[in-house]
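Chemist: Using our numbering, count along the sequence shown one by one with no gaps and you end on 85. Think of the CB as a built atom: it goes at the ideal place given N, C-alpha and C, for glycine as much as any other residue. Here the structure is a predicted model, which is why all the values come from computation and not from measurement.
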Amino acid sequence: MIHPRLLAGVSFVVGLLVVGQSSGQTRAGAKAPKSKQAKIQNAMTAAPPGISKNATILDWSETEGGQMVELRK
Numbered sequence: 013m014i015h016p017r018l019l020a021g022v023s024f025v026v027g028l029l030v031v032g033q034s035s036g037q038t039r040a041g042a043k044a045p046k047s048k049q050a051k052i053q054n055a056m057t058a059a060p061p062g063i064s065k066n067a068t069i070l071d072w073s074e075t076e077g078g079q080m081v082e083l084r085k
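Encoded structure:
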């Protein structure tokens, strides 16, 4: 037979894991959209400065299958 304190402890830990997992999923979907300038700065970190300083920067379309949006030419 399982000791009642052990069963209570395991149940508590499992409950914390379930709550933690579900709250993490909620936060990820609630991100505020980035500004145009923030997107440009983020994109410029993806390449060495010599390449990114003159690069055209595009953003994904707001709609699926739509055209890319030019942020900087």
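Taking just the CA atoms, how far does L70 sit from A61?
Modeler: Position 49 of the sequence shown, counting from 1, holds the residue named residue 61. Position 58 of the sequence shown, counting from 1, holds the residue named residue 70. The question names Ala, yet the displayed sequence has Pro at residue 61. When rounded, the distance between both Cα atoms is 17 angstroms.
Chemist: Please work out which residues of its chain come closer than 8 angstroms, Cβ to Cβ, to A59, disregarding the five sequence neighbours upstream and downstream, and give them in chain order.
Modeler: Along the sequence shown, one-based indexing puts residue 59 at 47. Result list for A59: A67, in chain order.
Chemist: So, at 6 angstroms on beta carbons, what are the nonlocal neighbours of K46 in its own chain, with the 5 sequence-adjacent residues on each side left out?
Modeler: For the purposes of this step, residue 46 is identified with residue 34 of the sequence shown, where counting begins at 1. Excluding positions up to five away in sequence, the list is empty.
Chemist: Roughly how many angstroms lie between the CA atoms of L18 and V25, to the nearest whole one?
Modeler: Here residue 18 refers to the residue found at position 6 of the sequence shown. Here residue 25 refers to the residue found at position 13 of the sequence shown. L18 and V25: Cα-Cα distance of roughly 11 angstroms.
Chemist: Looking at L83 and K43, is the spacing between their C-beta atoms short of 8 angstroms?
Modeler: Numbered from 1 along the sequence shown, position 31 holds the residue referred to as residue 43. Numbered from 1 along the sequence shown, position 71 holds the residue referred to as residue 83. No, these two residues do not count as a Cβ contact at 8 angstroms.
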